[in-house]
Amino acid sequence: MEGSIIKGVGGFYYVSTDQGVVTCKAKGSFRREGLTPVVGDRVRITAHASGYAQIDQILPRRNLLIRPAVANIDRLLIVLSGHLPEPDWLLADKLIVQAALNRIEPVMVLNKADEATAPIREAFDQDYRLFPRIIVSALSGEGLQDLKDAIAGKICCFAGQSAVGKSSLMNALLPELNLPVGELARKTDRGRHTTRHAQLWPCFGGALLDTPGFSLYEPESFDEKLLQGCYPEFAQATPCRFPGCMHVSEPGCGVKLLLADGRLSPARYERYVQIAQDFTFRRKHQYD
Ligand SMILES: Nc1nc2c(ncn2[C@@H]2O[C@H](COP(=O)(O)OP(=O)(O)OP(=O)(O)O)[C@@H](O)[C@H]2O)c(=O)[nH]1
Ligand SMILES: [Mg+2]
Ligand SMILES: [Zn+2]
8 MEGSIIKGVG
18 GFYYVSTDQG
28 VVTCKAKGSF
38 RREGLTPVVG
48 DRVRITAHAS
58 GYAQIDQILP
68 RRNLLIRPAV
78 ANIDRLLIVL
88 SGHLPEPDWL
98 LADKLIVQAA
108 LNRIEPVMVL
118 NKADEATAPI
128 REAFDQDYRL
138 FPRIIVSALS
148 GEGLQDLKDA
158 IAGKICCFAG
168 QSAVGKSSLM
178 NALLPELNLP
188 VGELARKTDR
198 GRHTTRHAQL
208 WPCFGGALLD
218 TPGFSLYEPE
228 SFDEKLLQGC
238 YPEFAQATPC
248 RFPGCMHVSE
258 PGCGVKLLLA
268 DGRLSPARYE
278 RYVQIAQDFT
288 FRRKHQYD
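Residue numbers 8 to 295, in this note's numbering, belong to the letters of the sequence shown in order.
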């Protein structure tokens, strides 16, 4: 049988299959081979004499994130708030880069539509015009159907700065989760933890990943060429004069032309320069 690991606790793995959730142990030889199944893994399982089913094989992963260890995320739902907290656009752009480098599709989500300001809505539409975008309110329910449609058939995970409403959106989609939000969530952070392990929640023909926080922005590779591939806007540029053009201060740059034509958001471009410089710095110092 095949299935997806939705939870792993104390050496047991809970695998969602056509026949329901099956409790499994990993094959004994995995340890020797250095293989560890993680949440999100597609696995082959068989019944075993011990009474528990056994994971015999981990199918090839589309991606693997660490801290927490999860595999095969298809979509990252990058949440910004339409009001407060003031959007951290740079963080959102970094998350897009990190998603793209891991072959995860970014979906831009503007939450708190019920109180969203016009300037934030406009910047959101402008800056992310080439990305899938959803405007939603966890409070009023506006746009929730679009979010459900985005989850269909995909493993999805929310990301974004604190207090944008990630937990509120998860609760709006899956009321049984009953995650702590707002002040309550911050109190819980200090005391007992609610989400201790990453867990997949099958829903709407896909799955939502609930994690105890995410550290996505830790690229292993700081290749500027790969970075540029994360900017769909750049694909519309005429070729630059210099093949290795970073689109920062080189003459004859096609991306600079896009900017001059108004086909590239100046704010997005400014943040690209910051991220590119960060990449260059880290590449130079990665073995320090
Ligand atoms: N007006 C309005 N407020 C919202 C909405 N969604 C969430 N909030 C409020 O925003 C605050 C933060 O929501 P959370 O869901 O805890 O935010 P979070 O992104 O999970 O925050 P962290 O867990 O700290 O990362 C809470 O006070 C929510 O009630 C919304 O759609 N509209
Ligand atoms: Mg939260
Ligand atoms: Zn260029």
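Glycine included, C-beta positions come from ideal geometry on N, C-alpha and C.
In the DSSP assignment, the residues bridged to residue 16 are 19. Annotation for residue 235: no beta strand (DSSP E) segment contains it, though the alpha helix (DSSP H) segment containing it runs 231 to 236. Taking residue 49 as reference, the option from 36, 18, 11, 31 with the minimal CA-CA separation is 11. In the same chain as residue 140, and ignoring 5 residues on each side of it, the C-beta atoms closer than 6 Å to its own belong to 115, in chain order. Beta-bridge annotation (DSSP): residue 115 is paired with 85, 140. Taking 4 residues as the minimum length, the alpha helix (DSSP H) runs contained wholly in the segment 237 to 274 are 261 to 268, in order along the chain. Per DSSP, the continuous alpha helix (DSSP H) segment holding residue 158 begins and ends at 151 to 158. CA-CA distance, residue 13 to residue 158, rounds to 16 Å. Relative to ligand 3, residue 90 has its C-beta separated by 6 Å or more from all heavy atoms.
Note: residue 209 is bridge-paired with 214 in the DSSP secondary-structure output. Bounds of the alpha helix (DSSP H) holding residue 173 are 173 to 180.
Placement of the Cβ of residue 119 at a distance of 6 Å or more from every heavy atom of ligand 2 is found. Looking at 70, 214, 97, the one whose alpha-carbon comes closest to that of residue 107 is 70. For residue 214 and residue 105, the gap between their C-alpha atoms comes out near 20 Å. Inter-residue distance for residue 270 and residue 236 is about 17 Å (C-alpha atoms, whole angstroms). DSSP, read as helix, strand or coil, puts residue 27 in strand.
Its Cα nearest to that of residue 31, the residue 58 stands out among 255, 58, 121, 127. Residue 64 carries a strand assignment under DSSP once its states are collapsed to helix, strand and coil. DSSP, read as helix, strand or coil, puts residue 9 in strand. At the C-beta level, residue 78 and residue 29 stay beyond 7 Å of one another. For residue 38, the enclosing alpha helix (DSSP H) stretches over residues 36 to 40. In its chain, beyond the 5 residues on either side, 244, 245 have a beta carbon closer than 8 Å to the beta carbon of residue 264. The closest heavy atom of ligand 1 lies 6 Å or more from the beta carbon of residue 231.
Bridge pairing for residue 50: 10, 65 [DSSP].
Around the Cβ of residue 182, a 10 Å sphere holds fewer than 16 other Cβ atoms; the residue is exposed.
C-alpha of residue 80 to C-alpha of residue 74: approximately 14 Å in a straight line. Comparing alpha-carbon positions, the option among 274, 178, 145, 293 lying closest to residue 95 turns out to be 274.
In chain order, 121 place their CB closer than 6 Å to the CB of residue 146, counting only its own chain and leaving out the 5 sequence neighbours on each side. Only exposed fits residue 258, as fewer than 16 other CB atoms lie within 10 angstroms of its CB.
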